[in-house]
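Residue numbers (my numbering): 9 to 157.
We put the CB at the ideal spot given by N, CA and C, even for glycine.
In what follows, a structure is listed as structure tokens, so that the remarks can point back to it.
Quick look at the structure:
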């Protein structure tokens, strides 16, 4: 191949890669995930189930939330379901944290149990989920987890 053909192939590959990246991020991939903090989640009135307009705007949207994992499964290697809580001190005990300070996470694929702080990326749903450790005011359909940095 001559250098002009190779240059054209290279430019085409760059354009196609950029288009794929844009399509992935605009379809709710983690690139466009809105960072949600626990103060915002705390605005959910878990007694009445009433959410603020800011929380309602995130319903069904791609988000990322920091926190600590509380596995809901016995498998100590990979988990699919866990609670996300705002601090290591919010471990599950009696009484559990309030529902607006727990997020029920259902991963699309199992992830390794994390002992430290993490980011969880996925789609946020404003629904109450019950677990053996208490109610959570939110559900997150998880795409992936990464260490908090």
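Exposure of residue 144, with buried meaning 16 or more beta-carbon neighbours within 10 Å: Start at 1 with the first residue of the chain shown, and residue 144 comes out as number 136. Looking at its Cβ environment, which holds 16 or more other Cβ atoms inside 10 Å, residue 144 is buried.
Identity of the residue in 120, 103, 108, 56 nearest residue 77 by Cα: Along the chain shown, read from residue 1 onward, the residue named residue 77 stands at position 69. Comparing Cα positions, the closest option is 120.
Could you spell out the range, first to last residue, of the alpha helix (DSSP H) harbouring residue 66? Locating residue 66 in the chain shown gives position 58, counting from the first residue. 61-66 is the extent of the alpha helix (DSSP H) around residue 66.
Under a Cβ-count criterion, where at least 16 other Cβ atoms within 10 Å of its own Cβ denotes burial, should residue 130 be classed as buried or exposed? The residue given as residue 130 occupies position 122 in the chain shown. Its Cβ being crowded by 16 or more others within 10 Å, residue 130 is buried.
Please list, in chain order, all residues of the same chain as residue 154 whose beta carbon is under 8 Å from its beta carbon, the five residues on each side excluded. Here residue 154 corresponds to residue number 146 of the chain shown, with the count starting at 1. Contacts found: 126, 127, 129.
Rounded to whole angstroms, what's the CA-CA distance from residue 97 to residue 75? Just pull it up for me. Residue mapping note: residue 97 aligns to position 89 of the chain shown, counting from 1. Residue mapping note: residue 75 aligns to position 67 of the chain shown, counting from 1. Approximately 11 Å between the Cα atoms of the pair.
What did DSSP end up calling residue 125 once you bin it into helix, strand or coil? The residue labelled residue 125 in the question sits at position 117 within the chain shown. In the structure shown, residue 125 falls within a coil segment according to DSSP collapsed to helix, strand and coil.
Between residue 55 and residue 106, what straight-line distance do the alpha-carbon atoms span, to the nearest angstrom? Within the chain shown, the letter at position 47 stands for residue 55. Within the chain shown, the letter at position 98 stands for residue 106. When the Cα atoms are used, residue 55 and residue 106 turn out to be separated by approximately 10 Å.
If residue 87 sits next to residue 132, beta carbons under 8 Å apart, how far is it from one beta carbon to the other, in whole angstroms? The count along the chain shown starts at 1 and reaches residue 87 at position 79. The count along the chain shown starts at 1 and reaches residue 132 at position 124. Between residue 132 and residue 87 the Cβ distance is about 19 Å, and since that is not below 8 Å, they are no contact.
Residue range of the unbroken beta strand (DSSP E) whose run includes residue 134: Within the chain shown, the letter at position 126 stands for residue 134. First-last for residue 134: undefined, no H or E at that position.
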